[in-house]
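J.:
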Amino acid sequence: TLNMFGKIYLFLLNILRSSRFFTYHLWGIKINKYCHTTFWDLTSLVIKKELNATKEKKYLDMGCGQFALLGQFYKKKYVDSIVMSVDIYEDLVENSAANSKINNNEIKIIQSNLFANINEKFDLISFNPPYVPQKKDDNVKYSKIRYSGDNGTETMSLFLQVAKNFLLKDGKIILGVNSYYVDKEKCLSLIEKHGFVVKKITRILFNTSIAFLIQENSK
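Number 1491 marks the last residue of the sequence shown (the working numbering); no jumps.
1) Which runs of the beta strand (DSSP E) fall wholly inside the segment 1313–1344 and span at least 3 residues, in chain order?
2) Counting along the chain, where does the alpha helix (DSSP H) carrying N1450 start and finish?
3) Just list the residues that DSSP pairs E1488 with in beta bridges.
4) What do you reckon, are the CB atoms on V1492 and S1481 nearer than 8 Å?
5) Helix, strand or coil for T1474, going by three-state DSSP, please let me know.
6) State the start and end residues of the unbroken beta strand (DSSP E) segment that holds F1394.
7) Taking DSSP's pairing of strands, which residues face Q1383 in a bridge?
8) Is the beta carbon of L1314 closer than 8 Å to that of N1423?
9) Output the boundary residues of the alpha helix (DSSP H) element that contains T1427.
10) Quick one: what's got a C-beta closer than 8 Å to K1471's C-beta in the same chain, skipping five residues either side?
11) Taking the C-alpha atoms as reference points, what is the distance between K1279 and N1391?
12) How many Å lie between K1373 and D1333 at the Cα?
13) According to DSSP, simplified to helix, strand and coil, what is S1461?
14) Using only the alpha-carbon positions, how far apart do F1438 and T1474 sit?
15) Whose C-beta lies closer than 6 Å to the C-beta of T1309 among residues of the same chain, with five residues either side of it excluded?
16) In angstroms, rounded to a whole number, what distance separates the CA positions of V1456 and K1348?
17) Using three-state DSSP, classify S1372 as helix, strand or coil.
18) I'd like the list of long-range same chain contacts for Y1346, defined as Cβ closer than 8 Å, with 5 residues on each side in sequence excluded.
19) Using the beta-carbon count (16 or more within 10 Å), is D1442 buried or exposed?
20) Can you pull the DSSP bridge partners for S1290?
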């Protein structure tokens, strides 16, 4: 029965995640062209919840995907904010830029492998990293937005290694992870290892994802 419930839940979730109508009502963003049929995921919802409670001037939406939904959502909510959205795939960046124009959102969108092409600092950075353990037979077009090494933490670790160099004084990071793939304790260990402390953990009912609000450990 539990397995059947899980299948029904996933079936309905996939319908909602590929619906322009539902995406508009959830995010306030109109969808025109798209590169793949998954418009958002469970982790982006938890990050969105935390963004609702975290107002900062300069915001970096790392790993923005095909619409820069988080960046656009933030700019709509906090119109005076300065927002940059970033993705590793050029076609996702181009689609995000086109989509932000349709929605009249003035955000800067650039192609970058993590922080490679970024040379400024931010009050707030959010990241919904790839966290699915790599499959040996993977041939997915946008594999870097899904898979991350043998245990799902490779990209997260690379991000945390350098993220503090791109934070302004008292800057914060919202790191989102689906605990179905990477458990909470493993995330907490990585966060501590890279010199951060957890200020808050955000969850949503019936959602396996977690958002960690973290800051550099000032000890």
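Glycine residues also receive a C-beta, built at the ideal position from the N, C-alpha and C atoms.
T.: On the basis of the supplied data:
1) 1330–1334
2) First-last for N1450: L1439 to N1450, but that is the beta strand (DSSP E), not the alpha helix (DSSP H).
3) F1468
4) Summary: the structure shown does not reach residue 1492, with the chain confined to residues 1273 through 1491, and so no result is reported for it.
5) strand
6) F1394 to F1399
7) D1359
8) no
9) E1426 to V1434
10) K1444, L1485, I1486 and Q1487
11) 44 Å
12) 17 Å
13) helix
14) 23 Å
15) S1290
16) Per the sequence shown, residue 1456 should be read as Lys rather than Val. Cα to Cα, the separation comes out at about 31 Å.
17) helix
18) L1323, Y1331, D1333, S1353 and V1355
19) exposed
20) Paired residues: none, contrary to the question.
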